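A short worksheet on the structure shown next.
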Amino acid sequence: MRKVSLWLGHANLQSTEVYLRADPTEKLEALAAMVPPMLKPGRFRAPDKLLAMLSTVKRRPDYAE
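If you want our numbering, it's the position in the sequence shown, counting the first as 1, plus 976.
Have a look at this one:
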């Protein structure tokens, strides 16, 4: 339960209990109502602007490559 709490970003376990104790039928109905995002298959290619910005960031001296 603690791991789920951390995944959801909850400050305490009581917040997570609400989700864990929810009716499984309602959870399945909610999942069935979801429409998957229309994503195109392929690899992510970072834009040149992003790569340029990242190349200007100074690395920490203790950073091991």
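All C-beta atoms in this analysis are idealised placements derived from N, C-alpha and C, irrespective of residue type, glycine included.
Just so it is clear, the structure is predicted and the values come from calculations on it, not from any experiment.
May I have the straight-line CA-CA distance separating G985 from T1001, to the nearest angstrom?
If you number the sequence shown from 1, residue 985 lands on position 9. If you number the sequence shown from 1, residue 1001 lands on position 25. Cα-Cα distance, rounded: 24 Å.
Three-state secondary structure (DSSP) of P1000:
Taking the first residue of the sequence shown as position 1, residue 1000 is located at position 24. When secondary structure is reduced to three states using DSSP, P1000 falls in the helix class.
Here's the rule: buried if 16 or more other CB atoms are within 10 angstroms of the residue's CB, otherwise exposed. What is T1032?
Here residue 1032 refers to the residue found at position 56 when the sequence shown is read from its first residue. Counting the other Cβ atoms within 10 Å of the Cβ of T1032 gives fewer than 16, which makes it exposed.
For L989 and R978, believed in contact at Cβ under 8 Å, the rounded distance
The residue given as residue 978 occupies position 2 in the sequence shown. The residue given as residue 989 occupies position 13 in the sequence shown. Cβ atoms of R978 and L989 come within 8 Å of each other, at about 7 Å.
Which stretch, first to last residue, makes up the alpha helix (DSSP H) that contains L982?
Position 6 of the sequence shown, counting from 1, holds the residue named residue 982. Segment 978-984, the alpha helix (DSSP H) holding L982.
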